[in-house]
Amino acid sequence: MHIAYFPALMSPDSSPKLNEYVIDFFEKTPPMSTFTFGFFISALQLYKNTNITTFSQPIIQMWTLKDDENQLEETYIKIVTIYNKIKHYFGTHIPLSKIDVVCIPDLPLARPVDNWGLLLFGKRDLLRKGLYDITHELIYQWLGSWVTPNWWNDAHLNKAIASFLASDIVLEMDGGVEFNGKYPMTTLYSLYYEFSKRYPHSRITGMKQETISHKTELVLRMLNFTLSKKSFQIGIRNFILEYQYKTFCGDDFWESLNSQSLKDGTLKPHLNVGVIVNTWFAYHRLPVVKVLRDYTEKTAILQQKVYLRERPHDVPEQEKMLWWIPILLNRQDGLNFSSGCPYLWMENKKQINIQNMPEKDQFIIINYEEIAPFPVNYDNKNWKMLSDFLQTDNGRKQIPPYTRAKLLHDAWNLAFAGDLSFSAALNMTLFIKYERNHIVWNPVFTFIDQIGRHIDESEVHAKFESYVIFLLAPFYEELDEEVSIEDNWKTDIRTLTKRFLCLAGYKPCINESEQIFEIWQNTTNPNHEYPEASHYLCPIFKWGSLEKWQFGLERVMQFPKSRKLSERTHLLKALAGCPTQPEKIERLLKITILEDHSNFTDNDKFLILTSLTSGSSHYSLLNFVSTNWMTLRQKFKNKTNLWDHLIGSATGFFLTQKGYNMVYKLIEERAGEFDSAQHIVEKSLRNIKEETKWSEENIPVIEKWLDHLLANI
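Whatever position you read off the sequence shown (first residue = 1), add 1226 for our numbering.
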């Protein structure tokens, strides 16, 4: 059996033969890029089903192993349904007589193979629940094959269009159940973190291309709102009609959207889509907009600048970076979250003034629903009104989940960046005690984790753990026991809530963890057992006795080869990253690093050192390095990667003056002995200086806020 895009004009029986070969002749293809050409030869069977829906054009065929045919009916119906949805969106079929979808067992590829009229899926991928993957691949039949990027520099745009439209169509089909409420937040938040670093992408080309594609996808989402969904869709339809059987560059696509939006009046005549998007692609950065209201005059000043979260904020030429930013505004006296029409555009200007703001006791919200990819800062009074409103049942009902999540996420990230007081950011978390929507909860755990790491070395950490219990315990106690069939979001939230409560020392969780751990200890052969709920390990290794921790270490050292290696990795990470007692860390380092125990590989050592950088364990690590300097230097003289990682882990994660002094002392005492790690320790010292400044400015504010909260609950 062979598959090409078009039927053979002659069958094998009537085809001419050349020695032992059969020559097949196929219909002439439409004009197409060689990049989209493909063929497939195999002994797979054509899937046949009497309920198959036929099209006038094209016919969709599936090929698989004969034994797998009975598994494909639901998948076939899904493919047909998705095809019809895409066809309806684009307003046209693809000009092929058939589409062959091939189901291949154990296809060793990271993603499906899409050629024009021929899609190759691994069996597991094709049968997987959900709609996104198949939708994404089918969209390439129109945009990618029928209409093709002119060169690789526009491939990221093609990918972004396919990704955005796939997400949009899936949301329309089933509400995006498979996204678990995380679209577009997961992508957006990762971009906020990456583009706010001093050095985005860490100079990694693959990551750079991926983030460019993600940012383009979010810009497309922004245009889908701000130009209107109708204008956006018609613009894409016009684009396909104009560039069918042709190649395109990015400007061609943006001009199609621009022309239709001007025609529909959804874009003002002096604006241009190409000009707008080019400012979003000109820099590997994102903007932040600050809103300063004059409550007497009912006006506001809007200022834009580069969003920088990672310190120091010394990015070259940042003053020259400006964006065309859609200002979507909601006001308390007329809340309406259904419109994506901008109040105005911030037209490549650093500052603008806006009029007709609401009364002084009414808040405003800009960039609601994360319509455009930028965070927003407000003056303290507006933040306070938002916090108070969200702590009421009526307030949480009136502001939709994505906007509630955005307000929370923006507040604490702006505080980390030094652009907002932590007291204002922490006030924005108070409504979480009453929040029950998983979309809003998604950023909460990142917030708890990041603040916890920053204050772990200080005395305020115990107060912060009490605050975590205050926020999380009510929700956790309301969650029912886990059942075999439930929504994914509920399982995820329960697991995360339990994990953070356990780490904060929540007594019911600690007791439950101890009971499960003791069952493991008392099994006949603990090496062949493993706690079913592995998140119970960390609280035991953190709060439990040295004997319990030693039991876990012995399980790693005696780990049987028949068990999953991932279980050993998880156990080792917990043994290294969870304890706070120095004696546990010292024992682990002595066995694995100094004694070079045969049970631990160099990869294990990398994992242990990385795990020790969280929390206050790096104090123990630095003391270990200082005490055993000569032995360690000799041991790793021919293992520069491990030596560099050891020095980086031991010196690079302090946040206080005390840590700075310890690292500085080591540098002075061991001057000239750092070898390949010299640049690493110098960078560590610079970073600690910045983090120390952050700690001195913010930890007293956090402690004062926590003292006030805990005194009144």
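No residue lacks a Cβ here, since even glycine has one placed at the ideal position from N, Cα and C.
It is roughly 45 Å from the alpha-carbon of L1835 to the alpha-carbon of P1552. In the three-state reduction of the DSSP assignment, V1339 falls in the strand class, which pools E and B. Taking all protein chains in view, the Cβ of M1888 is crowded by 16 or more other Cβ atoms within 10 Å, so the residue is classified as buried.
For L1570, the pairing in a beta bridge is given by DSSP as I1553. Around the beta carbon of W1378, fewer than 16 other beta carbons sit within 10 angstroms, so the residue counts as exposed. In the three-state reduction of the DSSP assignment, C1475 falls in the coil class. Judged by their CB atoms, R1535 and Y1425 are not nearer to each other than the 9 Å cut-off. W1377 sits in coil when the DSSP states are folded into three classes, being neither helix nor strand. Excluding residues up to 5 positions away in sequence, W1550 lie with their Cβ nearer than 7 Å to the Cβ of I1502 in the same chain. For A1526, the uninterrupted beta strand (DSSP E) segment begins and ends at T1525 to V1532. S1371 and M1258 do touch by the CB rule: their CB atoms are close to 7 Å apart, below 8 Å.
For the beta strand (DSSP E) assignment, the uninterrupted runs of no fewer than 3 residues enclosed by the region 1295 to 1360 are, from N- to C-terminal side, 1324 to 1330, 1339 to 1341 and 1344 to 1348.
When the beta-carbon positions are compared, I1819 and K1861 come within less than 9 Å of each other. According to the DSSP assignment, W1289 belongs to the beta strand (DSSP E) that extends over I1285 to T1290. DSSP places Y1425 outside any alpha helix (DSSP H), giving it a letter other than H or E. DSSP places P1513 in no alpha helix (DSSP H) but in the uninterrupted beta strand (DSSP E) bounded by P1513 to D1520. When the Cα atoms are used, W1746 and E1929 turn out to be separated by approximately 39 Å. For the options W1869, S1393 and P1926, the alpha carbon positioned closest to that of H1905 is the one of W1869. Less than 9 Å separates the beta-carbon of L1656 from that of Q1617. Under the three-state reduction of DSSP output, I1580 falls in the strand class. Setting aside the 5 residues that flank it on each side, M1433 is surrounded in the same chain by H1427, each with a C-beta closer than 7 Å to its C-beta; the list follows chain order. When the beta-carbon positions are compared, T1723 and Y1702 come within less than 9 Å of each other.
In the three-state scheme derived from DSSP, where H, G and I count as helix and E and B as strand, F1390 is classed as helix. Secondary structure in the region 1716 to 1769: the alpha helix (DSSP H) runs of 4 residues or longer, each lying completely within the stretch, are 1733 to 1747 and 1763 to 1769 in chain order. Looking at the backbone, the Cα of H1539 and that of Q1530 are separated by about 15 Å.
Separation of the CB atoms of I1914 and G1874 is rounded to 12 Å, and the pair is thereby denied contact status at 8 Å. With respect to A1643, S1422 sits close: the two C-beta atoms are nearer than 9 Å.
In this structure, L1333 and F1347 form a Cβ contact; the two beta carbons are roughly 7 Å apart against a cut-off of 8 Å. Restricting attention to W1855, F1879 and N1751, the CA atom closest to the CA of T1918 is found in F1879. Taking one beta carbon from each stretch, the region 1507 to 1517 and the region 1593 to 1606 have 3 or more pairs nearer than 8 Å; the two touch. Boundaries of the alpha helix (DSSP H) harbouring N1606: N1606 to L1616, taken from the DSSP string. Taking the CA atoms as reference points, W1667 sits about 8 Å from I1658. Contact annotation: the region 1443 to 1461 touches the region 1476 to 1494, with at least three C-beta pairs closer than 8 Å. By the C-beta density criterion, H1754 is exposed, having fewer than 16 other C-beta atoms within 10 angstroms. DSSP places I1591 in no alpha helix (DSSP H) but in the uninterrupted beta strand (DSSP E) bounded by I1590 to I1592. The beta-carbon distance between L1518 and T1492, rounded to whole angstroms, is 30 Å. This is too long to meet the 8 Å contact definition.
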